[in-house]
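Here my numbering is used: the first residue of the sequence shown is 194, the next is one more, and so on.
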Amino acid sequence: MADEVLFDVSERVATITLNRPDKMNTINSALGSQLIESLVEVRNNDEIRSAVITGAGDRAFCAGADLTQGDGPAASAGPAGHFPTNAGDRFDEFDAKKPLIAAINGHALGGGFEIALVCDLRIGAENARARLGLPEITLGFFPLAGGPMRLPRAIPQAYANEMLYLGRRLSMEEALQWGVISRLVPQDQLLPTAQDMAAQVAGYAPIAVRAMKELINTQGDMTLAQANRFGGSLRWIVGQTADSKEGPRAFAEGRQPEFKGE
Numbered sequence: 194m195a196d197e198v199l200f201d202v203s204e205r206v207a208t209i210t211l212n213r214p215d216k217m218n219t220i221n222s223a224l225g226s227q228l229i230e231s232l233v234e235v236r237n238n239d240e241i242r243s244a245v246i247t248g249a250g251d252r253a254f255c256a257g258a259d260l261t262q263g264d265g266p267a268a269s270a271g272p273a274g275h276f277p278t279n280a281g282d283r284f285d286e287f288d289a290k291k292p293l294i295a296a297i298n299g300h301a302l303g304g305g306f307e308i309a310l311v312c313d314l315r316i317g318a319e320n321a322r323a324r325l326g327l328p329e330i331t332l333g334f335f336p337l338a339g340g341p342m343r344l345p346r347a348i349p350q351a352y353a354n355e356m357l358y359l360g361r362r363l364s365m366e367e368a369l370q371w372g373v374i375s376r377l378v379p380q381d382q383l384l385p386t387a388q389d390m391a392a393q394v395a396g397y398a399p400i401a402v403r404a405m406k407e408l409i410n411t412q413g414d415m416t417l418a419q420a421n422r423f424g425g426s427l428r429w430i431v432g433q434t435a436d437s438k439e440g441p442r443a444f445a446e447g448r449q450p451e452f453k454g455e
């Protein structure tokens with residue numbers, strides 16, 4: 194079977210490339226399975242501290258489910274958001290535990306947009322033809338892999354509702370204005386920029402980074418008081434690590450810290 198997803202690791206950063214450029218990197222069962230398996234490797238491999246997800250070519254990040262085949266997520270009779278893997282992981286509930294950066298090089302539609310929404314940081318390429326959105330409602334169903342839940346947590350509810358109810362597709366410029374992405378860079382600088390961001394995060398204390406991700410992703414289900422207490426507990430745990438001592442020590446000594454994840 195061809196590699197529907199390419200996986201590369203360099204300097205503690207994994208780069209995951211959705212690799213069906215002739216099909217606009219649409220999701221079939223093989224791509225979905227290989228994507229989850231790649232994310233499991235990111236989660237379980239202590240040598241990896243962050244990851245970038247992008248699409249092959251310059252037309253699409255991922256244009257959603259491959260509706261021309263009967264094995265895509267839209268055709269599955271299984272649970273929503275379930276990409277079949279040996280481990281049985283559900284994409285809509287998957288947590289890589291480490292920061293993910295979406296380098297959106299082109300169209301990100303349907304399930305492809307939901308892949309981007311799973312990521313902690315999203316940046317886009319200056320691509321005039323690219324559109325981002327969740328058009329499923331125009332096809333007679335609705336997003337399968339967490340879009341209606343994640344999108345209103347990422348951008349204001351009014352904007353999210355317009356995308357969900359109307360199936361509105363955003364240009365890259367609109368995505369930047371609405372807060373879907375945080376940066377817009379030239380196409381040829383997209384992947385290097387995302388990898389530089391991932392490398393920056395990978396250089397920080399990994400336990401502190403994981404705790405930060407846990408707090409960011411969990412606090413939406415809490416009251417402010419509960420989130421403050423949870424954050425305080427995580428901060429105490431991080432404060433017991435050797436890395437939390439190494440940072441201030443390195444600063445005082447005028448050198449770069451060497452964080453070991455301890």
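Heads up, the beta-carbon is just placed ideally off N, CA and C, and yes, glycines get one too.
Closest residue to residue i among the options (Cα-Cα distance)
i       : options                            : result
Asn-237 : Leu-211, Ala-207, Cys-255          : Ala-207
Gln-227 : Lys-216, Glu-240, Ile-209, Pro-214 : Ile-209
Asp-414 : Gly-425, Leu-383, Gln-370, Arg-346 : Arg-346
Gly-425 : Gln-412, Ala-435, Asp-436          : Gln-412
Thr-261 : Lys-216, Ile-241, Glu-329          : Lys-216
Leu-232 : Ser-437, Asp-436, Pro-214, Asp-201 : Asp-201
Asp-389 : Gly-225, Leu-293, Leu-211, Leu-417 : Leu-293
Ile-316 : Gln-382, Leu-337, Asn-354          : Gln-382
Gln-380 : Gln-419, Arg-422, Gln-370, Met-365 : Met-365
Strand pairing of residue i, partner residues [DSSP]
i       : result
Ile-297 : Gly-317
Val-378 : Ala-318
Asp-201 : Thr-208
Val-245 : Thr-208, Ile-294
Cys-312 : Partner(s): none; Cys-312 has no beta bridge.
Ile-220 : Ala-258
Ala-253 : His-300
Whole-number beta carbon distance between residue j and residue i, since they are thought to touch under 8 Å
i       : j       : result
Gly-303 : Phe-254 : Between Phe-254 and Gly-303 the Cβ distance is about 11 Å, and since that is not below 8 Å, they are no contact.
Ala-387 : Val-245 : 5 Å
Leu-174 : Arg-362 : Since the first and last residues shown for the chain are 194 and 455, residue 174 lies out of range.
Gly-299 : Leu-327 : The Cβ separation is near 16 Å, so there is no contact.
Lys-291 : Ile-241 : 7 Å
Leu-427 : Ala-404 : 4 Å
Asn-218 : Ala-256 : 7 Å
beta-carbon residue i near the ligand ATP non-hydrogen atom, thresh 7 Å
i       : result
Thr-416 : Absence of the ligand ATP from the depicted structure is noted, as is the absence of any ligand whatsoever, leaving it without description.
Length at least 4, wholly inside the region 318–360: the alpha helix (DSSP H) runs in chain order: Complete alpha helix (DSSP H) runs here, min 4: 340–347, 350–359.
Cβ pair count under 8 Å reaching 3, the region 389–398 against the region 323–333: no
The region 243–250 / the region 330–339 touching (three or more Cβ pairs under 8 Å): The answer is no - the region 330–339 does not touch the region 243–250, with fewer than three Cβ pairs under 8 Å.
Whole runs of the alpha helix (DSSP H) within the region 378–412, excluding any shorter than 4 residues: 383–395, 399–411
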